Each structure stands twice: as structure tokens, then as C-alpha cells.
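What follows is a short report on a single structure.
Residue numbers (my numbering), protein chains in the order written: chain A, 1 to 115; chain B, 1 to 114.
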């Protein structure tokens, strides 16, 4: 299957700082990228959907000014958690889908711990 | 509202026995159906999908799933479970609309004992 690389896999930061998570599709062009958040032993919650060259579409309840998403190219999307707080601690997973692809491929996830 | 239901939080089976992980969905039209598996602290790995055609779909690692349109179900099955199959399994549905993201069930933890 296609490969989606996500890093860092684990990040610890102080409250008030910003953290950037990168998601790269390594062997296909990701026309659409998705960012999910997962709480322990729970399902994935879609945060936002982005198409290359367009602004991301955020799900209801997700603060777009706090979770900045950039999908600048067909192989790279970034999620920046701005002014992180302990309640932002979670497992963040990116996912990519190419044009005319039926399958969403997932990155390995990033565990964010905000102290 | 569109939704995916996995009625079991956990399924326990003995190694070598058949396993079934249940999934039903409530989505209009003809959605695409998927199963993913997640190991601890990892992202999701694609197992199999149903788009159209034969109702029995075969996927990775010996898993298969049966699509039943009248029951709006897509149960995951394997004839003989392995201890290494122990993981968290997610059923997901994509409404047949361009650009839409997957809708996930809450997940089912499969535990295979030796």
C-alpha cells in the first residue's frame, strides 16, 4: 500500500508553545489530506479536511486558529497546534488520499504531551 | 445522521478459532466500506474494502468481510485467529461523495489467547 510518513512520532512541549506536525505522502500525490484526533481507547475524530492549494475545512467544534493546517503541496500537509495547553494532549493522525483513489492511507500518528 | 456502529467493545477468541467483528452502518446511498487495524501507538493500517461487486471481500493477513446490503452490515471475519491478530479494529464508511472523509466506528478490541 501507499506510504504516509508522519513526524514527529512523539513530542513533549511546554504549555503556551506551538508544535508543528508534518505529514508526507511518499509515493503518491495526495490531493486530499485529513487530520484526526484520537483519545485513549476511542475512535478517530475528524478535525479537518484539506485539498491541495485550498484552505482547510474544519469540523464543527475545532478551532481553526488553534489548529492551523497547511496543505501547500501534493505531498505535504502540516498541522500546527498553536499555544498548546494540556487539554490539547492527544494522539494526532494524518491521512491522505490521492485523486481517484478509494483508500485513505494513514500516518503512524503523533503523540503530543503538553506539560 | 450518518454513523457506523461496532456493537462490541471487545471480542475474545482462542487461537485457531474463527473470529467475527461486527459492523453496521447508517449511510444513505451506496457507500464505500473499509476495515482498518491499529496496533498500540500506531496509525491505522488498511485491511480491506468493499466498493462494488462480490459481497465477500478478501483482504490482508487472511481477513475477509461480508457485505450485506439489506442488513447494512459489513462484518469482518477470519477462519482461524492468530495471537498476532490482537489489535484494535475499526470499521469505516465513506459516503459516496467526492472529497468526503471516512466515518469511523468506535473500534473493537480483538484479543486472541494462546
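From the three backbone atoms N, C-alpha and C, an ideal C-beta is built for every residue, glycine too. Since the structure is predicted, the reported quantities are computational estimates derived from the model, not experimental observations.
Q: Tell me where the beta strand (DSSP E) around residue 71 of chain A begins and ends.
A: In the DSSP assignment, residue 71 of chain A falls within the beta strand (DSSP E) that extends over 67-73.
(Q) Can you look up residue 16 of chain B in the DSSP assignment and give me helix, strand or coil? (A) coil
Q. Going along chain B in order, which residues have a C-beta closer than 8 Å to the C-beta of residue 6 of chain A?
A. Correct list: 43.
Q | Short-range partners of chain A found in the segment 99-112 of chain B, where Cβ spacing is below 9 Å | A | 99, 100, 101, 102, 103, 104, 105, 106, 107 and 109
Q: Tell me whether the beta-carbon of residue 92 of chain A lies closer than 8 Å to the beta-carbon of residue 74 of chain A.
A: Not a contact, by the Cβ cut-off of 8 Å.
Q.
Using a 10 Å radius around the Cβ and a threshold of 16 neighbouring Cβ atoms, would you call residue 54 of chain B buried or exposed?
A. Of the other Cβ atoms in all chains shown, fewer than 16 fall within 10 Å of the Cβ of residue 54 of chain B; this residue is therefore exposed.
Q. Can you list, in chain order, the stretches of the beta strand (DSSP E) that have 3 or more residues and sit fully within the segment 6-36 of chain A?
A. 10-13 and 19-25
Q. Any C-beta of chain A sitting closer than 8 Å to the C-beta of residue 32 of chain B?
A. yes
Q) What is the C-beta distance between residue 31 of chain A and residue 111 of chain A, in whole angstroms, given that I count them as a contact (C-beta under 8 Å)? A) Actually they do not touch by this definition, with Cβ atoms about 28 Å apart.
Q. Below 8 Å, can you find three or more Cβ-Cβ pairs linking the segment 72-84 of chain B to the segment 12-21 of chain B?
A. yes
**Q.** Whole-angstrom distance between residue 94 of chain A and residue 7 of chain A, CA atom to CA atom
**A.** 10 Å
(Q) Using DSSP's beta-bridge definition, name the partner residues of residue 66 of chain B. (A) Note: residue 66 of chain B is bridge-paired with B:56 and B:75 in the DSSP secondary-structure output.
(Q) For chain B, check one thing: does any of its Cβ atoms lie closer than 8 Å to the Cβ of residue 99 of chain A? (A) no
Q) In angstroms, rounded to a whole number, what distance separates the CA positions of residue 120 of chain A and residue 27 of chain A? A) Beyond the ends of chain A as shown, which are 1 and 115, falls residue 120 of chain A; an answer cannot be given.
**Q.** When B:50, B:10 and B:1 are compared against residue 89 of chain B, the one with the closest alpha-carbon
**A.** B:10
(Q) So, at 8 Å on beta carbons, what are the nonlocal neighbours of residue 89 of chain A in its own chain, with the 5 sequence-adjacent residues on each side left out? (A) 112, 113 and 114
(Q) Checking 8 Å against the spacing of the C-beta atoms, do residue 25 of chain B and residue 100 of chain B come in under that value? (A) The beta carbons of residue 25 of chain B and residue 100 of chain B sit no closer together than 8 Å.
Q) To which residues of the same chain is residue 62 of chain A closer than 7 Å at the C-beta, ignoring the five residues directly before and after it? A) Answer for residue 62 of chain A: 47 and 48, listed in chain order.
**Q.** N- and C-terminal bounds of the beta strand (DSSP E) containing residue 45 of chain B
**A.** 44-50
Q) If we count the other Cβ atoms within 10 Å of its Cβ and call it buried at 16 or more, is residue 10 of chain A buried or exposed? A) By the C-beta density criterion, residue 10 of chain A is exposed, having fewer than 16 other C-beta atoms within 10 angstroms.
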